[in-house]
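In the UniProt record's numbering, the protein residues as written are 1 to 186.
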Amino acid sequence: MNNMDAPSRSPEELLQATANRDRQAFSELYDIFADLTYGITLRVVQDQAIAQESTQEVWLEIWDKACNYDPRRGTARSWIARVAHNRAVDTVRSNESSRQRLEIAGRREAVGSEPLASERLEMQEDSNAVTRCLDTLTDIQREAVHLAYYSGLTQKEIAAKTGAGLSAIKTRLRDGMLALRRCMST
Numbered sequence: 001m002n003n004m005d006a007p008s009r010s011p012e013e014l015l016q017a018t019a020n021r022d023r024q025a026f027s028e029l030y031d032i033f034a035d036l037t038y039g040i041t042l043r044v045v046q047d048q049a050i051a052q053e054s055t056q057e058v059w060l061e062i063w064d065k066a067c068n069y070d071p072r073r074g075t076a077r078s079w080i081a082r083v084a085h086n087r088a089v090d091t092v093r094s095n096e097s098s099r100q101r102l103e104i105a106g107r108r109e110a111v112g113s114e115p116l117a118s119e120r121l122e123m124q125e126d127s128n129a130v131t132r133c134l135d136t137l138t139d140i141q142r143e144a145v146h147l148a149y150y151s152g153l154t155q156k157e158i159a160a161k162t163g164a165g166l167s168a169i170k171t172r173l174r175d176g177m178l179a180l181r182r183c184m185s186t
């Protein structure tokens with residue numbers, strides 16, 4: 001590796017800069033640790049598609065919570081690995097809960113029972129909230145989110161399909177997901 005390939009800042013400095021909303025630092029951090037976060041997530045969830053989605057959530061969490069990183073308590077690598085592991089465990093738990101809900105719904109359906117009115121209302125409200133929040137995104141963010149989450153394309157596939165650069169797609173997805181998270185939490 002020559003000096004031009006060496007990062008100008010350490011991972012710890014990049015993580016601290018990310019806490020200050022430095023997008024370039026975040027992008028460099030992603031380039032360094034993307035394989036690590038995906039590998040940890042895949043090991044825990046044991047499904048490539050779920051691991052890809054969970055890894056995107058890991059990076060959203062890193063962006064949101066970089067300010068919680070304390071270099072006195074460990075390296076940036078160990079902090080990021082812990083975020084990835086915790087998010088992957090949460091994903092497994094959430095998927096298990098969803099599986100159980102589907103199983104219960106399946107049993108209801110088998111006996112001809114409809115969801116309760118309160119459950120139908122909650123599902124409709126969730127659907128309306130997602131639609132409302134998607135409408136708050138820019139057109140390019142909405143397109144990237146739609147292609148990633150509804151069409152199941154990877155970031156590279158989205159870049160090829162739209163003609164945008166990979167880093168632009170990463171930014172659109174990250175910003176779109178951050179905006180969705182903020183909107184859904186209000």
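We put the beta carbon where it would ideally sit given N, CA and C, even for glycine. In this text the structure is predicted, and so the values were computed from the model without any measurement.
Please state if the CB of residue j and the CB of residue i are separated by a distance shorter than 8 Å.
i: Thr18; j: Thr41; result: no
i: Gln155; j: Ala179; result: no
i: Thr136; j: Cys183; result: yes
i: Val44; j: His85; result: yes
i: Leu29; j: Met177; result: no
i: Arg82; j: Phe33; result: no
i: Leu15; j: Ala88; result: no
i: Ile80; j: Leu134; result: no
i: Asn95; j: Ile50; result: yes
i: Thr75; j: Glu13; result: no
For the alpha helix (DSSP H) containing residue i, name the first residue and the last one.
i: Thr75; result: Note, Thr75: premise wrong, no alpha helix (DSSP H); not H, not E.
i: Asp35; result: Arg23 to Val45
i: Ala66; result: Careful: Ala66 lies outside any alpha helix (DSSP H) and carries neither H nor E.
i: Thr18; result: Pro11 to Ala19
What is the C-beta distance between residue i and residue j, in whole angstroms, given that I count them as a contact (C-beta under 8 Å)?
i: Leu173; j: Ala144; result: 5 Å
i: Leu147; j: Lys161; result: 7 Å
Against chain B, does residue i count as a neighbour if the rule is that its beta carbon must be under 8 Å from one of theirs?
i: Ala168; result: Protein chains in the displayed structure number just one, and chain B is not present.
- Taking the runs of the alpha helix (DSSP H) that are 4 residues or longer, which of them lie wholly in the UniProt domain "RNA polymerase sigma-70 region 4" (133-181)? Taking only runs of at least 4 residues, the alpha helix (DSSP H) segments lying wholly in the UniProt domain "RNA polymerase sigma-70 region 4" (133-181) are 139-145 and 155-162.
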